[in-house]
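In what follows, a structure is listed as structure tokens, so that the remarks can point back to it.
There are 2 protein chains.
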Amino acid sequence: MDFNEAAVFVKVVQAGSFSAAARQLGLPTSTISTRVARLEKRLGVTLLQRTTRRLHLTEAGTLYYEQASIGLGYLMEAEAALDAARLQPQGMLKVTAPADLGDALLAGLVKRVQTEYPDLVLEMLLTDRYVDLIAEGVDVAIRTGELRDSSLIAKSLGSIQWALFASPLYLQQAPALEAPPHLHAHTCLQFTPMGREQWLLSNEQSEISVPMSGRTLVNSIGVIKAMAENGQGVALLPTFICQPAQRSQQLVRVLPAWLGRADAVHLVYPQQRFMPPKLRAFIEVAVAELKTQFKETL
Amino acid sequence: MDFNEAAVFVKVVQAGSFSAAARQLGLPTSTISTRVARLEKRLGVTLLQRTTRRLHLTEAGTLYYEQASIGLGYLMEAEAALDAARLQPQGMLKVTAPADLGDALLAGLVKRVQTEYPDLVLEMLLTDRYVDLIAEGVDVAIRTGELRDSSLIAKSLGSIQWALFASPLYLQQAPALEAPPHLHAHTCLQFTPMGREQWLLSNEQSEISVPMSGRTLVNSIGVIKAMAENGQGVALLPTFICQPAQRSQQLVRVLPAWLGRADAVHLVYPQQRFMPPKLRAFIEVAVAELKTQFKETL
DNA sequence: CATGATTGTTCAATTAAATGAAAAGTAATT
DNA sequence: AATTACTTTTCATTTAATTGAACAATCATG
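If you read the sequences in order, they're chains Z and B. As numbered in the numbering used here, residues 1 to 298 make up the first sequence, in order. As numbered in the numbering used here, residues 299 to 596 make up the second sequence, in order.
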């Protein structure tokens, strides 16, 4: 079954002659002649009666032409629809990110992307579990930490710096906190994925492991931040998330010379032959927006 | 633009894998792979995301598939419609014939054709003028006399024998009519297309030309026959047309040893690669029916 | 964990299609 | 009536597509 023969036949009918069809299709007349003849042979009917320098569609030709031309219209429509979609970023883009990346950060990202590309629809999938992008039909992920899947393309966004925070009220009432070992005398608000046993802190000279009592563990950075603001203890949190609370003096840095770990942040997406415009658009905006939020990776 | 690529792509989607599509299409997997890749390159988009031994239709792929599969459906429908039409004679068949071939003969022909092929619709174009079959969209002609267009296929039906007829009543009252020269004493009812000047008559030994007075000329065989039956004169008419009148003794042969000309009769139709079923059916029945009506050609 | 089966991709050899040129036929123009 | 222009068809040469085989990766089975 060769649909290109049908396409040539339909064009011949529309153009009124083999020669005119050849000109319109940019093909030699011998190609037109051969393809129509081949179609007639394959179908076992005469579609065009051709003598006296003129063509006459046979009844079979008319029957075939009516259906075939509609079909070809759809096929061309299919390509036109793709062309239209390609020229501007539009449609649904599905993004996955860690649930605790920070509401303000994600809200800001969505706002900026959709301001620049009004036709884009974003579906954010915030989850702590590993997401298989291809299997789940997710276009792009924001991932922190070490990357697992080497078949994906990764684009660095910087890194998340963790640091110690507490409220001024808490610090007024609490024992002195002048070095990391003093933390064992304080209420430590632990982020469960960070680990239950210890906090690793470092300064320019050294690194220290502070054992944790494990009394307060929450797997939500937002809840831990709120508890810290309420004076319920000392928290180890991403610095970029606490910046607004620092400005309003609800939180202050504790032991500022000592830092938690730094987690790399990447955009990751599947390798594919042709980059969809909406994905390219999203990546461009996300990089511009998020690089300002995270610590520059050295 | 290569629609066969689209067909392969659509089949891959429907089958769920390249390998399954290859089996269903009877093509090697390398052909499937190459054609889909070529389609993606030509369209400039990724239609299928293919990793981990599974396929995922991209959004572009979905967009394209929806339209393309409808289009291909129409194209296959076009072929199916032709297949159905080919298997039984049906539809309109346009036949041209001389206007004066005889109502009974033509009525009989139409009746027999349509009895044997109930789905055939016959349009009879009875005319004296030359009909260009292809230009006028006529499928087949019954032609008498010498053929003009050698590009048509001709199938002999026999020949029309012209002979002298008159009513018994006329002959009772008229002068003796025992040899062709006696005709000048009679009223000769002339069929204009036969010629205005003379009647050519022949027997086994010789041929004679009888000059005509030209007083009664009509270009309708039916009218001449009716006049002869009314006793208005002697007519030179096709024998097959007069057989019923002979049986009822309204007409009798005059000078039976002397005959007019014999006109060959043919079915003629355009040469074409594939004989439409309805034309083949008509020819078969027309030959069977008409050969019994005309004198067998030696 | 090793093996076999299945997937999709790539490449050199084979096969098929496309093409330019020429031919035959017809219509339009001079 | 002769010439020119245009049509469609055919064929040898050129070009492109198809294919079998091999490869790499993954899944299912023992």
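Here a beta-carbon is modelled for each residue, glycine too, at the ideal position from N, C-alpha and C.
Minimum Cβ-Cβ distance from residue i to chain Z less than 8 Å
| i | result |
| --- | --- |
| PHE489 of chain B | no |
| ALA320 of chain B | no |
| GLU377 of chain B | yes |
| ILE432 of chain B | yes |
| GLN347 of chain B | yes |
| TYR428 of chain B | no |
| HIS597 of chain B | Limits of chain B in this structure are 299 at one end and 596 at the other, which puts residue 597 of chain B out of reach. |
| ALA305 of chain B | yes |
| ASN302 of chain B | yes |
| ALA383 of chain B | yes |
| LEU380 of chain B | yes |
| GLY520 of chain B | no |
| GLY324 of chain B | no |
| LEU361 of chain B | yes |
| TYR415 of chain B | no |
Exposed unless 16 or more other CB atoms sit within 10 angstroms - verdict on residue i
| i | result |
| --- | --- |
| GLY369 of chain B | buried |
| LEU169 of chain Z | exposed |
| MET492 of chain B | buried |
| GLU313 of chain Z | Lying outside 1 to 298, the shown extent of chain Z, residue 313 of chain Z is not represented and no answer is given. |
| THR360 of chain B | exposed |
| THR425 of chain B | exposed |
| GLN388 of chain B | buried |
| GLU204 of chain Z | exposed |
| LEU482 of chain B | The sequence given here has His at residue 482 of chain B, not Leu. Exposed, by the Cβ-count rule. |
| VAL115 of chain Z | The sequence as given places Thr at residue 115 of chain Z; Val does not occur at that position. Exposed: under 16 other Cβ atoms inside 10 Å. |
| MET92 of chain Z | exposed |
| LYS409 of chain B | exposed |
| GLY100 of chain Z | What sits at residue 100 of chain Z in the sequence shown is Asp, not Gly. With 16 or more Cβ atoms within 10 Å of its Cβ, ASP100 of chain Z is classed as buried. |
| PRO568 of chain B | buried |
| LYS453 of chain B | exposed |
| ALA600 of chain B | Because residue 600 of chain B is not part of the residues shown, which for chain B are 299 to 596, the question remains open. |
Residue j beta carbon less than 8 Å from that of residue i
| i | j | result |
| --- | --- | --- |
| VAL429 of chain B | LEU418 of chain B | no |
| VAL45 of chain Z | ALA68 of chain Z | no |
| LEU445 of chain B | VAL566 of chain B | yes |
| THR332 of chain B | SER317 of chain B | no |
| LEU535 of chain B | ALA461 of chain B | yes |
| PRO211 of chain Z | GLN88 of chain Z | no |
| LEU55 of chain Z | PHE9 of chain Z | no |
| LEU577 of chain B | VAL532 of chain B | no |
| LEU177 of chain Z | LEU255 of chain Z | yes |
| SER159 of chain Z | ALA264 of chain Z | yes |
| ARG253 of chain Z | PHE191 of chain Z | no |
| ALA584 of chain B | LEU407 of chain B | yes |
| ARG451 of chain B | PRO478 of chain B | Looking at the sequence provided, one finds Ile at residue 451 of chain B rather than Arg. No, these two residues do not count as a Cβ contact at 8 Å. |
| GLY529 of chain B | SER465 of chain B | yes |
| LEU43 of chain Z | GLU377 of chain B | yes |
| ILE440 of chain B | ALA472 of chain B | no |
| GLU338 of chain B | PHE274 of chain Z | yes |
Cβ of residue i within 8 Å of any chain B Cβ
| i | result |
| --- | --- |
| PHE274 of chain Z | yes |
| VAL45 of chain Z | yes |
| GLY71 of chain Z | yes |
| GLY306 of chain Z | A query on residue 306 of chain Z cannot be resolved here, the shown segment of chain Z reaching from 1 to 298 and no further. |
| GLU59 of chain Z | yes |
| GLU40 of chain Z | yes |
| GLN67 of chain Z | yes |
| GLY91 of chain Z | yes |
| LEU75 of chain Z | yes |
Could you tell me which uninterrupted alpha helix (DSSP H) segments, each at least 4 residues in length, are contained entirely in the stretch 202 to 263 of chain Z, listed from first to last along the chain? The qualifying runs are 221 to 229 and 239 to 247.
List, from N- to C-terminal side, the alpha helix (DSSP H) runs of 4 residues or more that fit wholly inside the stretch 42 to 102 of chain Z. Taken in chain order, the whole alpha helix (DSSP H) runs of length 4 or more contained in the stretch 42 to 102 of chain Z are 59 to 87.
My parser needs the beta strand (DSSP E) runs of 3 or more residues fully inside the stretch 456 to 494 of chain B; what are they? The stretch 456 to 494 of chain B contains these whole beta strand (DSSP E) runs: 486 to 489.
So if I threshold CB-CB distances at 9 Å, which residues from the stretch 557 to 568 of chain B count as touching chain Z? So the close ones are PRO568.
Interfacial residues, the stretch 274 to 292 of chain Z to chain B, with Cβ spacing under 8 Å: Result list: PHE274 and PRO276.
Of all the beta strand (DSSP E) runs that stay within the bounds of the stretch 418 to 455 of chain B, which reach a length of 3 or more residues? Counting only runs of 3+ residues, the beta strand (DSSP E) found wholly inside the stretch 418 to 455 of chain B occupies 418 to 424 and 438 to 442, in chain order.
Within the stretch 308 to 333 of chain B, ranges of the alpha helix (DSSP H) (whole runs, at least 4 residues): Listed in chain order, the complete alpha helix (DSSP H) runs (minimum 4 residues) inside the stretch 308 to 333 of chain B are 316 to 323.
Listed in chain order, which residues of the stretch 134 to 166 of chain Z have Cβ atoms closer than 8 Å to some Cβ of chain B? The stretch 134 to 166 of chain Z vs chain B, Cβ under 8 Å: ILE134, ALA135, GLY137 and SER151.
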